[in-house]
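Rendered as structure tokens:
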């Protein structure tokens, strides 16, 4: 039956993960990890998440995962988003979805098991200098030379490349028959010819320009052992990762609303809590509406994908709406907190940064509106 | 010196015209004229306006006008917009601007003098069934046969065609050398081959589909005696008319704000005037800001055009902004007046209708934004 | 969580749609349009009779009162289909405002007397709430009822009585204790429209629908027409308001307008270009599509919460604000897309979408301030939903 | 009405621009960036000295106080150019908040003592207004000053003291009569930062600019440091706020961001298409262009009203709200146009517009709540501009 409330199991997932994250991930930790001298990642948190089974929530049991659904993973993302869990979680899960979509049984066994066990950090190398969303413009290519593939090119905005054990690199390739297409390569960080340079982002998440200079890869590094055929699996995994990110965003936005409600209820001016002013109440009512809408759209998308159904429009709607919602919620939160929220001491800016960063990743509002327009 | 306040003369123009219109044009009159049994026009009002010199504010003295500037005319439009003066004023002034831009001395003498004297009602026939803004798609054509022009085609949304003594019709034409272009014809309402059918609009202004079946016209009916060359003059007059309409819109919007301020100051709920609620105050502050912005943009456009300067961007900015402003002001006014403003007794809907009608005429917001985009 | 309709729900949706396709005839629609300011005609009465024969007026009632005990979700599906198909309006006042109030607050006698004729659509109700000086501040209402022997004697004036001219009864809020604090002196009663002393005066609206002022001059009704306890009417009244919000928050009609608009853009060439190919139009339509989906999900959420027995006051308010402001936006954007054609009303042969967008544009304000203004709804979301302090 | 700058104003604009082009060097900008949380360096001091030598700190002052008596319009032109050219920030606190307060409310002694060093940029001021519990409700401030013989003894704490670490003096609001109604016990005084008992603690902000908490522990200043009358400080303070709003409502920087963004879109190809050719980007840019023009006109309107001696409180508030919210919008839209590149900050070589948009995005909130939150500004527009009743 159509029902927008959690099941009992889902409710337990939510409660457990909220409790865990609130205990383990303080704003102080988030700030610290973002400092330049840190890597942006916490190994001890990572280990705990692996132990509790959360790095493999969605990974089939045969690959040492918990065999849960994408909705379960979505709940985890929502709760992770509340506390701003470091982005290695998201980039590694994205890679796992891609491995799941494209990989051979052998590859899944190797890599998904490692991810579930917390033994592999990963990320997906997609965008390029002049090609952010259109792979037709990719200049990163893999040439086949005998039974090897030679990978050359440069990727940008690669999440957590500096920590990744293996990156998944999307390249154009051409096989012996002249057939062209996209291929997903598993590229070890340590492979010869791989070099990288960190980019400086306001969100203090770690992204890099990664250069591939004649990197030699054999067939075991080709996801699914299939070349020129990654489009479909890539689309599946990207849709999943986008929908999941929407839930991360919803989690962050809900947390900002909770903090703001608390702030305006406690802060007094003119002898009354500022939360009793109608203008403040209406701002918050609008914020809550935008976030409730985002949450329903995001769970709808994740839920449909979870059942293996096509949800291209649903994902586009969720991202177009959630991007605007999370950002606007942080912009208005600053308005309501005034100076108190603007000093870094308040931590509010951590969410503001993440809101903007997530708005810009996996396609802005306009990109998704254009997708919808094309399907009208 | 840059100065956004009226000069003494302008202030007098504003005060006189406001007083006149408030005396002569009541909501009751506006409503009556809009009833199907009326023509939408008031001859007695028209005569009074002619006598006081307002139909020729901008018409040179040699053609029996007052020789004022376009800014003076703009002030008149703003005040006319406040009280919803019947649209014959606007369509006739538009025609006069076109005659002024394109006409020969003889034509100006004849037609501008008549307009200034209140002896001619007119309008411009431009849009067609499948061509609202792009004359390249016009199907109304004039063929030259010996020294006559034969006009054939159908125009739509022709303001006040049912009352017009002469209409100005924009048609595609081709001369003997095969040169193609636009020509503006002065077509007497009574000419053989002219037929029309009134359109039904929610705004209750009078617009018609006008059909031209082999209408025969001689050179005296060609504005400026020049064929295939109306583009430039048409652009000038259309820009002027658009900018002036923005001031009509500003006048209407300001009146709605004034009425709403009065209403919310008098209406009590919960023991206080509803205008003391912060939500109400902020709505009105936003409305006032939108209208002040529109007013400055509109006077800037009119003022530049008045000096004969190009102001394509300024007109586009004014119309893009004022359309949204006037409409939003009426939408929010309904919100603030509630049921009291929704019953026709309150007259508020008269402005709501006009706001939407003016938003749609002379190009919507998007059309003008596109113009701006092309000039970036 | 589950974002599909079940097979049964899909079948129900189809059943409603099939029924409506059959009963909505051009003749019926023409009659409704003709009579829109007067009494209902024979075709409309027959249309409603068919609905009542299906038991659909009471589909969501408990079985003990003769209902079909269908879920709130089924009721939502029904209402959305009715709106989507453009079926003549089916008043929800009797079955979904008066009846639930009777279930919850009515005496056994109240229930016995009023529920059967509501179920059979013999009685139609108008909401006697607003007064000239009591709109948003409804609790300040002044229409009085004084007990005189076995009868209540009613005096006063109601406004915004939208179905007054075609209802058999008023669902009337009256002041029964002028000395009590304002929320504690109000009672609810049912008043037949044909009682001596009731006068109706038409009020015309911008949206073109008729509403009324109703005057009560020493109108007498039996003591038993009081519903629930005396002076406890405020609770009955506010409980019923949540239902009204869910109905006003329906987006079925707006969804239909949007689909019709997309179709129009797909087959209309203006200025040498198919409208759907214009980038600015495509983006506007895509934006509306997203918001319509949110409105749809807000509706399903409210229904599923009702079915789970949860309090929906904040969610109903959120839904109402969102859907009603979207109604303005769809009609506003839509008219802009239609450009000059957006001006034409339904009486013009060339009006795209039969002038439906401009009609909706004019109807939208009514939805935004009716059923509690959107400002009050936002207060509710902030105070009841988020727990912010009252002034 | 006249919508052109005069020849003289155009010449003035050009003069300012030429001057700025000459004095703004990469070395100067690098030094400013390096010192942004500390004291000013020699290049910046020299830059300000050049401005003061031109008499531009006091360009808008009356001649009797050594000013150039230039118009508010000229002053606006100057400020817009400074912002547009990205020149190092020139604090307006001394010349445009303290000095006008002295003209209007100061004693002859006040004027003689403080005006010359402000004019010569020897004294720099910080605004000692906000306190931990007095932000929007400024009149509730608690920092106290008690007269002890010939000296005021000051105790308390100020926050949001944005130039505290690089100013010579505080322009301080203190409570001098704790028993009077809150608006009637406030006085304004000038306090040297090097007075014993003044402590500064840095507060970091999201926008990256430094602000400070300032603690006053039995700080003693001469009696004559009181400006105007004792307990009449509220009037001085609120008069000065209008000036602050006009400055915060400046759109020069936003205009420059927009122009740079358009340029960027004109020469950047992403996904095989020049950005400026993407319809959705073109429409966004066009929309911003319109609003920037409104902001510009609001600025000119305020200046021309000041020159005509008119009250600008409502117009200044309107201008401030509009320009500051537009600042968010331009940077927000701009970053979306830059897509993934929008994330890069100024430390990254590939950052478009040297990361200026993300910086402005982070600075925007400060402008929206600073100088009186935009909510308070809207109250002012409604109450003072439209005459709506206060609660």
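Residue numbers (our numbering), protein chains in the order written: chain W, 787 to 1162; chain G, 787 to 1162; chain D, 2 to 392; chain Z, 2 to 392.
C-beta atoms are modelled at their ideal positions from N, C-alpha and C, and glycine is treated no differently.
Just to confirm, are residue i and residue j a CB contact at a threshold of 9 Å?
{"i": "residue 864(G)", "j": "residue 1098(G)", "result": "no"}
{"i": "residue 845(G)", "j": "residue 792(G)", "result": "no"}
{"i": "residue 955(G)", "j": "residue 941(G)", "result": "yes"}
{"i": "residue 1103(W)", "j": "residue 290(D)", "result": "yes"}
{"i": "residue 1010(W)", "j": "residue 888(W)", "result": "yes"}
{"i": "residue 177(Z)", "j": "residue 191(Z)", "result": "no"}
{"i": "residue 841(G)", "j": "residue 879(G)", "result": "yes"}
{"i": "residue 393(D)", "j": "residue 208(D)", "result": "Since the first residue of chain D shown is 2 and the last is 392, residue 393(D) is not available in this structure."}
{"i": "residue 939(W)", "j": "residue 998(W)", "result": "yes"}
{"i": "residue 1111(W)", "j": "residue 1101(W)", "result": "no"}
{"i": "residue 128(Z)", "j": "residue 80(Z)", "result": "no"}
{"i": "residue 981(G)", "j": "residue 950(G)", "result": "no"}
{"i": "residue 876(W)", "j": "residue 972(W)", "result": "no"}
{"i": "residue 1140(W)", "j": "residue 1004(W)", "result": "no"}
Confirm the yes/no value for this check: CB of residue i, any heavy atom of the ligand ZN, distance under 8 Å.
{"i": "residue 875(W)", "result": "Of ligands this structure carries none, so the ligand ZN is not represented either."}
Buried or exposed for residue i, going by 16 or more other Cβ atoms inside 10 Å?
{"i": "residue 1061(G)", "result": "buried"}
{"i": "residue 1095(W)", "result": "exposed"}
{"i": "residue 1065(G)", "result": "buried"}
{"i": "residue 55(Z)", "result": "exposed"}
{"i": "residue 185(Z)", "result": "exposed"}
{"i": "residue 388(D)", "result": "exposed"}
{"i": "residue 181(Z)", "result": "exposed"}
{"i": "residue 268(Z)", "result": "exposed"}
{"i": "residue 1121(W)", "result": "buried"}
{"i": "residue 848(G)", "result": "exposed"}
To which residues of the same chain is residue i closer than 8 Å at the C-beta, ignoring the five residues directly before and after it?
{"i": "residue 1014(G)", "result": "959, 960, 961, 965, 966, 967, 968 and 969"}
{"i": "residue 63(D)", "result": "70 and 104"}
Terminal residues of the continuous alpha helix (DSSP H) containing residue i?
{"i": "residue 950(G)", "result": "Note, residue 950(G): premise wrong, no alpha helix (DSSP H); not H, not E."}
{"i": "residue 813(G)", "result": "813-820"}
{"i": "residue 135(D)", "result": "No alpha helix (DSSP H) holds residue 135(D); DSSP gives it neither H nor E."}
{"i": "residue 35(D)", "result": "27-35"}
{"i": "residue 106(Z)", "result": "100-106"}
{"i": "residue 281(Z)", "result": "280-308"}
{"i": "residue 69(Z)", "result": "From DSSP, residue 69(Z) is part of no alpha helix (DSSP H); its letter is neither H nor E."}
{"i": "residue 1151(W)", "result": "1151-1160"}
{"i": "residue 1125(G)", "result": "1125-1128"}
If residue i and residue j are in contact, beta carbons under 8 Å, what's the gap, nearest whole angstrom?
{"i": "residue 74(Z)", "j": "residue 333(Z)", "result": "Not really, about 31 Å apart at Cβ, beyond 8 Å."}
{"i": "residue 790(W)", "j": "residue 1090(W)", "result": "With 8 Å as the limit, residue 790(W) and residue 1090(W) do not qualify as a contact, their Cβ atoms being about 13 Å apart."}
{"i": "residue 383(Z)", "j": "residue 1068(G)", "result": "7 Å"}
Enumerate in chain order the residues of its own chain whose CB-to-CB distance from residue i is below 7 Å, with the five nearest sequence positions on each side excluded.
{"i": "residue 32(D)", "result": "42, 44 and 45"}
{"i": "residue 1151(W)", "result": "1106, 1109 and 1110"}
{"i": "residue 1092(G)", "result": "855, 856 and 857"}
Going along the chain, which residues of its own chain have a beta-carbon closer than 6 Å to the beta-carbon of residue i, five neighbours each way excluded?
{"i": "residue 69(D)", "result": "56 and 60"}
Quick one: give me the first and last residue of the beta strand (DSSP E) that residue i is part of.
{"i": "residue 206(D)", "result": "It is not in any beta strand (DSSP E) - residue 206(D) carries neither H nor E in the DSSP assignment."}
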